[in-house]
Ligand SMILES: Cc1ncc(COP(=O)(O)O)c(C=O)c1O
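Residue numbers (our numbering): 46 to 438.
Structure representation (structure tokens):
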């Protein structure tokens, strides 16, 4: 029997990160030891106080559908957090709780983009921002984030790419895969362009708590006149090591929240009830748990950045945020895909070829430092040896 698959599914590429991961897992099943630097998920366990809240919620029978929008307790906790930490004055009714930020991407873009509309998206970027507009029949137009520019935005390029069909611009700060954090002055300039061209901003802030060296994350919605032009998107996955719990949210003007909720109702109904209770606890009862994780990420980052920059033929900028190092391998004369394959097969270290995140990532490899310090030390030594074999023959 021949199965029919809708043509639109061809507009969506499978995740290149998972491809590396599947291969690494297959090698492990065959008895090899592989060091994983490909997956962008915290290696820490979820803090105990959050698990406790989930267990209590289950014991209390919080096992049924909640309001589609999310529980009022969680929406209020999110609004309070956005006021306290991000200096944006959202009401609880301006928050929609989703099943991970991933679902919020679909809800926002389905609400915002008509077929044929354009959306400006960074290159390189987490690929949902390319695949979802494509699936919706809209066009993702990329703008570059370049290493020589400290992964900041080039406004000449952005201005040149705005057309009457442009509806919105996506920013991901801190960024996956570059680890770059957009500076406040850059966000201020972007805000002026957005207002002048009547655009919306889709601000993915999932890595906002993971910033290093005292670097400051600024939410664009906190700038004058920007709250009404921004979808502020975030979730529990990264900061609270809750990626498997699937809890995200989007804050936006209520007119949008109401319409996005239609998408959300038909897609997932609501986020899991006891997870919402746990997320409420995560946001309202936090002690030093996140700070401790960030301290450890920074220790690993400092080691890896130094070790990588001591290897002849490759280099990297020191990421200011997230948990990724974007390694420049252009001098090695091989494509990112060839290098990633070589490193996996020969050195047993899994890294993601940069072109998986868009053409701007060609010549780079993404290394996640969400892995133990010991594994990072060992991985960097293996990387050095493998690169030396290439450069010294
Ligand atoms: C930039 C970015 N946004 C969103 C997500 C996914 O977030 P969630 O787990 O909340 O769906 C990721 C996951 O890697 C990401 O890198």
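The beta carbon of each residue, even a glycine, is placed where N, CA and C say it ideally should be.
Every value quoted in this text rests on a predicted model; they were computed, and no experiment measured them.
task: May I ask you to list the residues that DSSP assigns as paired with residue 142?
output: 294.
field: Straight-line gap, residue 392 to residue 434 (C-alpha atoms, nearest Å)
entry: 11 Å
- request: Using three-state DSSP, classify residue 54 as helix, strand or coil.
  value: helix
task: Output the distance between the C-alpha atoms of residue 125 and residue 92, rounded to the nearest integer angstrom.
output: 21 Å
field: Reduced DSSP secondary structure (H/G/I, E/B, other) of residue 184
entry: strand
- request: Spell out the partners DSSP gives residue 374 in its beta bridges.
  value: Answer by DSSP bridge pairing: none, since residue 374 is not bridged.
Rounded C-alpha distance that separates residue 307 from residue 120: Here the C-alpha atom of residue 307 lies approximately 17 Å from the C-alpha atom of residue 120.
- prompt: How about residue 265 and residue 295: do their beta carbons lie closer than 8 Å?
  reply: no
- request: Name, in chain order, the residues that DSSP records as bridge partners for residue 395.
  value: Per the DSSP secondary-structure output, residue 395 pairs in a beta bridge with 81.
message: Whole angstroms are fine: how far does the CA of residue 326 sit from the CA of residue 210?
response: 42 Å
- prompt: In its own chain, which residues sit with a C-beta less than 6 Å from the C-beta of residue 254, not counting the 5 before and 5 after it?
  reply: Around residue 254: 284 and 335.
field: Paired residues, beta bridge with residue 246 - DSSP
entry: 214 and 275
message: For the beta strand (DSSP E) containing residue 409, name the first residue and the last one.
response: 409-413
query: What does DSSP give as the partner residues of residue 361 in its beta bridges?
result: 372
task: Specify the secondary structure class of residue 281 as computed by DSSP and reduced to three states.
output: coil
Residue 162 to residue 180 span [Cα, whole Å]: Straight-line Cα distance between these residues: approximately 12 Å.
Secondary structure of residue 356, DSSP reduced to three states: Reduced to three states, the DSSP call for residue 356 is coil.
message: Taking the alpha-carbon of residue 291 as reference, which of 279, 297, 302 and 301 has the nearest alpha-carbon?
response: 279
For review: beta carbons within less than 6 Å of any heavy atom in ligand 1: 85, 145, 146, 147, 171, 217, 221, 249, 251, 280, 282, 288 and 293
message: Please classify residue 231 as buried or exposed, where buried requires at least 16 neighbouring CB atoms within 10 angstroms.
response: By the 16-neighbour rule on beta-carbons within 10 angstroms, residue 231 is buried.
message: By the DSSP assignment, the alpha helix (DSSP H) with residue 299 in it spans what residues?
response: That run of the alpha helix (DSSP H) goes 299-312.
message: Check for me: the alpha helix (DSSP H) holding residue 123 runs from which residue to which?
response: 117-129
Sequence-distant residues of its chain with Cβ nearer than 8 Å to residue 66 (five each side left out): 81, 83, 84 and 395
message: Give me the DSSP bridge partner(s) of residue 168.
response: By DSSP's assignment, residue 168 forms a beta bridge with 189.
- prompt: Is residue 369 closer than 8 Å to residue 413 when the C-beta atoms are compared?
  reply: yes
query: Cβ of residue 416 within 8 Å of Cβ of residue 90?
result: no
- prompt: Quick one: what does DSSP say residue 366 is sitting in, helix, strand or coil?
  reply: Residue 366 falls in the strand class under three-state DSSP.
- prompt: Secondary structure at residue 198, three-state DSSP: helix, strand or coil?
  reply: strand
Coil, strand or helix - residue 320 by DSSP: If DSSP states are grouped into helix, strand and coil, residue 320 belongs with the helices.
- request: Evaluate contact between the stretch 158-177 and the stretch 400-407, counting only Cβ atoms and requiring at least three cross-stretch pairs below 8 Å.
  value: yes
Residue 281 beta carbon less than 8 Å from that of residue 248: no
message: According to DSSP, residue 160 sits in a beta bridge with which residue or residues?
response: Per DSSP, none; premise fails for residue 160.
task: Return the bridge partner residues of residue 256 from the DSSP annotation.
output: Listed as beta-bridge partners of residue 256 by DSSP are 366.
- request: Determine the direct distance from the alpha carbon of residue 346 to that of residue 178, and round the result to whole angstroms.
  value: 33 Å
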